[in-house]
Each structure stands twice: as C-alpha cells, then as structure tokens.
Amino acid sequence: MINTGGIIGSGIFMVPATVAMLTGSSSLFFMVWIAGGIVSLFGALSVAELGAAMPRAGGQYVYLSEAYGPVWGYLYGWSAVAVINTASIAAVGVAFSEYLRFFFPITDISIKGIAVATIVLLTIINILDVKSGARFQNVFTISKLGAIFGIIILGLVMEGGSNQNLIPFFSNQSFTELVGPLGLAMVSVLWTFDGWIFITYVAGEVKNPGRNIPLSLIFCMLIVVSIYLLLNYVLIYTLGFTGMNGSDLVVSDAASVFLGNKGAAIVTLIILISLIGANNGFVLTSARINYAMAKDKLFFHQASQIHPRFKSPANALIIQCVWACLLTFTGTFNQLITYIIFASWIFYGMSAGAVIILRNKKPDMERPYKTPVYPWIPIIFILFAIFLTINTIMEAPRDAAIGAGIILAGLPMYYYWKKND
1 MINTGGIIGS GIFMVPATVA MLTGSSSLFF MVWIAGGIVS LFGALSVAEL
51 GAAMPRAGGQ YVYLSEAYGP VWGYLYGWSA VAVINTASIA AVGVAFSEYL
101 RFFFPITDIS IKGIAVATIV LLTIINILDV KSGARFQNVF TISKLGAIFG
151 IIILGLVMEG GSNQNLIPFF SNQSFTELVG PLGLAMVSVL WTFDGWIFIT
201 YVAGEVKNPG RNIPLSLIFC MLIVVSIYLL LNYVLIYTLG FTGMNGSDLV
251 VSDAASVFLG NKGAAIVTLI ILISLIGANN GFVLTSARIN YAMAKDKLFF
301 HQASQIHPRF KSPANALIIQ CVWACLLTFT GTFNQLITYI IFASWIFYGM
351 SAGAVIILRN KKPDMERPYK TPVYPWIPII FILFAIFLTI NTIMEAPRDA
401 AIGAGIILAG LPMYYYWKKN D
C-alpha cells in the first residue's frame, strides 16, 4: 500500500488560516480541500504511468527528458535545486520559527534568523552523519501524524467549539470575484498534498500495477482528504473564520480552546518536532538532485564530491543550504510556497502532457500500468495546471515573476555546462 504519511505535508499546520481568509465561507473552505485532493489524485493517476514505465532513478527529470528533450529535463532539475526544494526548506524553516512564537515573543526579522539557524544546523548534522538524519525520519513522521490525530480526536470529543462558527456557510461574492482568491487558496492547499508526486516514483515496484496502483492511489487520497477535512472542521469549529483569519499559529490556537495553555504547549512542541523533521527530510533528500546533476556535468562539479571522512555529499548540502538561507529572506511563508507551487505545477502539467506525448511517440514502450479514463484524466489535470499558473501570475505577480525568473535562469546555465562538458 502506498504510504499515506508520505503525502500528508507539514504545511497542514500553517495553511488553513490562509485558506480560511481567502475563501470566507464554510462551503468554499471545504470545497477547496476536496478539490485539492481530486486534482492531486488526477496528477498521481497520470504520472504513475511514467513511473511504472521508467522505474529508474530521476523521476520527472527522466520523464521530461524523454518527452520534450534534455533541456526540459535539465530545467526541471535546475528548478528543483533553485526554487522547488530549496524554497520548501526555507518555508518549513519559517513555519518552525513562527510556531516558536507560542513560547517566546519573536520579531519578524528574528523569525528569518531562526529559520536560517535551523537550516544551517540540519545541514551540518547531515554532513557529519547522514545516517543519523535518515534514522530519525520515522520518529518525525509519527510526531506529525500524532499531532494531527490528537487535535482531531480531542477537538471532536472535548468542549470548547460551536457549529455556529461554521457561519457563513455560503459566500455572498460573485463567481468572478471568487475566482482569483480561490486560485490562491488552491496554491496553499496543493502544497499540503505535494507528496503525491513522490508516490508515482515507486509505481514500477508495485505488483499487479494495472489494478493496484489506481486502487491504492484512490484509497490513499480518500484517507488524506478525510484527515484534512476533519482537522479543518475542528479548526473552524473551535476558532471560527474570525479566529482563523487572525491566527499565525492556527493549530496551537485551536488547541488552546479545548486543552488550555498547557495542553496547547504540548501540541505545539509536537508540531515543532514534526516541522524540524520535515525539514530534515527535505535537506536529506533534496541535495541528491544537485549531486546527481553535478555527476552528469550539468552543475558545479564540486557538488559531486563526497566528503572523504564523513562520506556525505557535503558540497551539495552546503550549496543547497546557502541558497535556501537566501530564499528565506525573499518573502513570507505564503510567498515562499507560491514560488514552490508556481514552479512545481508548470512541470507537473508538463509531466501529465508527457503521458500523452509518449503514448504517441513510443507506442511500443512497456507500460505495466496505464492511466485510467485516458486521455481525459491527464487533459483535465493539464488544464488545471494551466489555470493555476495563469491565476498565480494575475493574483501574485511578484511571486510568479520570482519563480519564473529562477526557472528561466537555468537556460543559460544549461548551455554553459553543455558547452564546457
């Protein structure tokens, strides 16, 4: 069975307040979470065909190279190094610092400083002993799931909330007024589902893939959506839209309502452990991409060097650390995840397009699993990716420009390294 815990992101501790602010009504609030799950499922059902057909390491780097040519595979790898993975490290570092505010008064500039300190510390740990970083990932995952289930169960059985907090149930805004904010709300929601892409990479290892992959993906996504809906119901039930809109620590604030300050402190501590664990996972795995690109002579050759004593990709980790720290100072948590989703979904849409292209380009390729309801599921996913990209450009032009600028900066770099190969 595909790992549900791998899909559930630590962003769920941060983004509900933003989604509540952008939707403004219970019906739209819950609809956006359901839509995020459906869209992510369509993406997973599509891209899993590529994972099953090309089970070698590289994921989207391989898929895009096969369908569109090596420059597009490189641009994905570059974007992962320059914005997708490093901005994720920066965003989770900022989220960790934000939740420290529950215990200490912290200024906005100090939040950035603490985020940088945690990124540097995790990088040092993974340089000195990469096995220790990997060893604790299961503990961190259990902490994340424990915090979520604890809030759901206690929030449902203990007193402190009211169904009156679900009002307003319907929005009084027109459709045209809602399109932009709902698109931005989807950006936040989709970051919490972003683990779906990784489960497609193991599609080639699934037995009886034609039957088990779609069943596993659908079952897994139903579980994740149900968990998110229950958690968000508890948050609105206890805080209401007014309370959520003004909250930077939405889960801790909800816990304070039905557990008091001491109980909320315990929940916050578990969330902090979960966030530091999530970032450890990003630091641990993301540096492997610039390491692999350097091995292919498409990145700074120093990044391909293994430390002689610690046997870790130390230079790749240091390069990643420096860039993630710089990105920390470029925006707020919400701006950082906008960079990530804007860049990610350009390539997600292209990966779904690769399913259609390779069906025509390589009809004889062995496909242990084929996307169901082809070609409609990939087409619907591609259309949504286009909408999300255009809506982000219109509603958050600064963040879209930064994301696009970083992606396009990869073009001269590609030709430089190809020329000097």
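Going by the UniProt record's numbering, the letters in the sequence shown line up with residues 1 to 421, in that order.
C-beta: ideal position from N, C-alpha, C; glycine also.
Alpha carbon of ASN261 to alpha carbon of ILE386, nearest angstrom: Approximately 44 Å between the Cα atoms of the pair.
Span separating the alpha-carbon of ILE318 from that of GLN173: Cα to Cα, the separation comes out at about 48 Å.
Inter-residue spacing [alpha-carbon to alpha-carbon] between SER40 and PHE193: Straight across, the Cα-Cα distance linking SER40 with PHE193 is about 7 Å.
Cβ separation of GLY410 and TRP78, assumed to be a contact under 8 Å, to the nearest whole Å: Contact annotation, GLY410 with TRP78: C-beta distance approximately 3 Å; criterion of less than 8 Å satisfied.
Reference PRO372; option with closest CA among TYR63, ILE218, SER97: PRO372 has its Cα closest to that of ILE218, out of TYR63, ILE218, SER97.
DSSP-derived helix/strand/coil call for ASP253: In the structure shown, ASP253 sits in a helix (DSSP, three-state: H, G or I).
Spatially closest choice to residue 482 from PHE381, VAL251, ILE148, by CA coordinates: This structure gives no information on residue 482, because the portion of the chain shown stretches from 1 to 421.
Segment contact flag, the segment 144–161 with the segment 288–305, C-beta cutoff 8 Å, min 3 pairs: With the cut-off at 8 Å, the segment 144–161 and the segment 288–305 do not touch.
Range covered by the alpha helix (DSSP H) that runs through GLN335: GLN335 -> alpha helix (DSSP H) spans 333–361.
Under the three-state DSSP convention, the category PRO55 falls into: DSSP places PRO55 in coil when its eight states are reduced to three.
Cβ neighbour criterion (16 or more within 10 Å) applied to GLY405: Flag for GLY405 reads exposed.
Selected residue, minimal CA-CA separation from TYR99, among ASN212, LEU184, LEU269, TRP33: Among ASN212, LEU184, LEU269, TRP33, the Cα nearest to that of TYR99 belongs to LEU269.
Where LEU50 falls, given that 16 or more other Cβ within 10 Å makes a residue buried: Classification of LEU50: buried, given that the 10 Å Cβ count is 16 or more.
Given 8 Å, three or more beta-carbon pairs between the segment 278–292 and the segment 179–193: Output reads no: the segment 179–193 does not touch the segment 278–292.
Under 7 Å between C-beta atoms of VAL267 and ALA278: Going by C-beta atoms, VAL267 is not nearer than 7 Å to ALA278.
C-beta atoms of SER26 and LEU166 nearer than 7 Å: In terms of Cβ geometry, SER26 and LEU166 form a close pair [threshold 7 Å].
C-alpha gap between ILE12 and MET54, whole angstroms: Their backbone Cα atoms lie some 32 Å apart in a straight line.
Span of the alpha helix (DSSP H), counted from its first residue to its last, around ASP108: Looking at the DSSP string, the run of the alpha helix (DSSP H) that includes ASP108 is 108–128.
Helix, strand or coil at VAL373 according to DSSP, with G and I counted as helix: Look at VAL373 here: in three-state DSSP terms it is coil, with no helix or strand label.
Limits of the unbroken alpha helix (DSSP H) element including ALA17: Counting along the chain, the alpha helix (DSSP H) containing ALA17 begins and ends at 15–23.
As assigned by DSSP and simplified to three states, the class of ILE2: In this prediction, ILE2 scores a pLDDT of 48, lower than 50, which makes its location untrustworthy; no coordinate-derived value is stated.
VAL179: first and last residue of the uninterrupted alpha helix (DSSP H) it sits in: First-last of the alpha helix (DSSP H) with VAL179: 175–192.
Span of the alpha helix (DSSP H) around ARG398: 397–408 is the extent of the alpha helix (DSSP H) around ARG398.
Three-state secondary structure (DSSP) of GLY9: Here GLY9 carries a coil assignment [DSSP, helix/strand/coil].
Nearest candidate by alpha-carbon position, reference VAL92, set GLN335, ASP364, ALA401, PHE170: Considering only alpha carbons, the answer is GLN335.
Cα-Cα separation, LYS362 to LEU275: Rounded to whole angstroms, the gap between the alpha carbons of LYS362 and LEU275 is 42 Å.
DSSP-derived helix/strand/coil call for GLN305: When secondary structure is reduced to three states using DSSP, GLN305 falls in the coil class, being assigned neither helix nor strand.
Backbone CA spacing between ILE142 and VAL32 [nearest angstrom]: When rounded, the distance between both Cα atoms is 27 Å.
Environment of PHE170 [buried if 16+ CB atoms lie within 10 Å]: By the neighbour-count criterion, in which a residue is buried when 16 or more other Cβ atoms sit within 10 angstroms of its Cβ, PHE170 is exposed.
Where the alpha helix (DSSP H) containing VAL62 begins and where it ends: 60–68 is the extent of the alpha helix (DSSP H) around VAL62.
Per-residue burial, ALA401 [other beta carbons within 10 Å of its own, 16 or more giving buried]: With fewer than 16 Cβ atoms within 10 Å of its Cβ, ALA401 is classed as exposed.
Counted within 10 angstroms of its Cβ, other Cβ atoms place TYR369 as buried (16 or more) or exposed: With at least 16 other beta carbons inside 10 angstroms of its own, TYR369 counts as buried.
Buried versus exposed, by CB contacts within 10 Å (16 or more), TYR237: By the beta-carbon neighbour count (other beta carbons within 10 angstroms, threshold 16), TYR237 is buried.
SER26 - DSSP class collapsed to helix/strand/coil: The answer is helix: DSSP assigns SER26 an H, G or I state.
Proximity winner among VAL206, VAL47, ILE271, relative to ILE197 (alpha-carbon distances): Nearest to ILE197 by alpha-carbon distance, out of VAL206, VAL47, ILE271, is VAL47.
Endpoints, the alpha helix (DSSP H) within which ASN232 is located: Where ASN232 is concerned, the enclosing alpha helix (DSSP H) stretches over 209–245.
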